[in-house]
Every structure is written in structure tokens, then in C-alpha cells.
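Q: In my numbering, the protein residues as written are 217 to 313.
Think of the CB as a built atom: it goes at the ideal place given N, C-alpha and C, for glycine as much as any other residue.
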Amino acid sequence: MNLSTNEALDNVTSTLSNDISQAKTLRESVSIAITTYLTNIDGQDVTDVYNMVLAEVEAPLLEEVMRYTRNNQTKASQMLGLNRGTLRKKLKQYDLL
217 MNLSTNEALD
227 NVTSTLSNDI
237 SQAKTLRESV
247 SIAITTYLTN
257 IDGQDVTDVY
267 NMVLAEVEAP
277 LLEEVMRYTR
287 NNQTKASQML
297 GLNRGTLRKK
307 LKQYDLL
């Protein structure tokens with residue numbers, strides 16, 4: 217039986233809340249999340265984990281930076297170190313534009 221990445225991700229959510237609150241850095245939070253995800257898939261075959269993780273991190277990153285800059289794409293692109301065109305492409309990709 218193959219477990220989709222989304223199903224496995226849903227299983228992680230409840231366990232993750234307590235562990236993440238103990239993390240002191242973003243890196244620790246990501247490490248805890250990945251470890252929990254891998255533990256919860258329990259040997260099941262999953263695919264495309266890399267892209268799933270990027271999407272799960274990138275979308276909220278873009279949302280929060282856009283909120284912080286009050287939707288100013290120029291400021292957001294500078295803050296993120298991205299070309300403004302690349303930022304727009306990513307915002308469209310995640311339906312944030």
C-alpha cells in the first residue's frame with residue numbers, strides 16, 4: 217500500500233504541534249517536522265518528498281513576507297533576495313497573486 221505524501225503529511229500534524237513549540241530555531245523546527253513525517257510514514261512508499269517540503273515551506277514564507285511588506289512586491293523581493301519577476305511567478309504558483 218502506498219501512502220500519498222499528503223496523507224502522510226496529515227498524519228504528522230497532531231504530533232508535530234508539541235514538538236515544534238520546543239524548537240529554538242527554524243532549522244530545528246524543520247528537522248522536527250521531517251523526522252516526524254518520516255516516522256509517521258512507517259516504511260510506506262512515498263514519492264516527491266523534496267517538492268512537497270519545498271511547497272510546504274515556500275508558500276507560508278511568501279504569505280508572511282507579503283503580509284509583512286503589506287503586499288509590496290519590491291520590498292518582498294528584496295527581503296527574500298529574489299528577482300521581482302521570480303517572486304511574481306512564485307506568488308502565482310501558490311495562488312497568492
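Hey, L313 and L278: beta-carbon distance below 7 Å or not?
A: Not in contact: L313 and L278 (Cβ atoms no closer than 7 Å).
Q: Hey, how far is the Cα of T241 from the Cα of V269?
A: So the alpha carbons of these two residues sit roughly 17 Å apart.
Q: Run through DSSP, which three-state label would K240 get?
A: It is coil, neither helix nor strand.
Q: Looking only at its chain, what residues have a beta carbon closer than 6 Å to the beta carbon of M217, apart from the 5 residues adjacent to it on each side?
A: Any reading at M217 is ruled out, since the residue's pLDDT is 48, under 50, leaving its predicted position unreliable.
Q: Since R286 is in the alpha helix (DSSP H), which residue starts that stretch and which ends it?
A: Here R286 belongs to no alpha helix (DSSP H), and DSSP marks it neither H nor E.
Q: Between the Cα of A249 and the Cα atoms of Q260, D261, G259 and V265, which residue gives the shortest distance?
A: Nearest of Q260, D261, G259 and V265 to A249, Cα basis: V265.
Q: Please check the pair T290 and R283, which I expect to be a contact at CB under 8 Å, by giving their CB distance rounded to whole angstroms.
A: Contact flag wrong, Cβ pair sits at about 15 Å.
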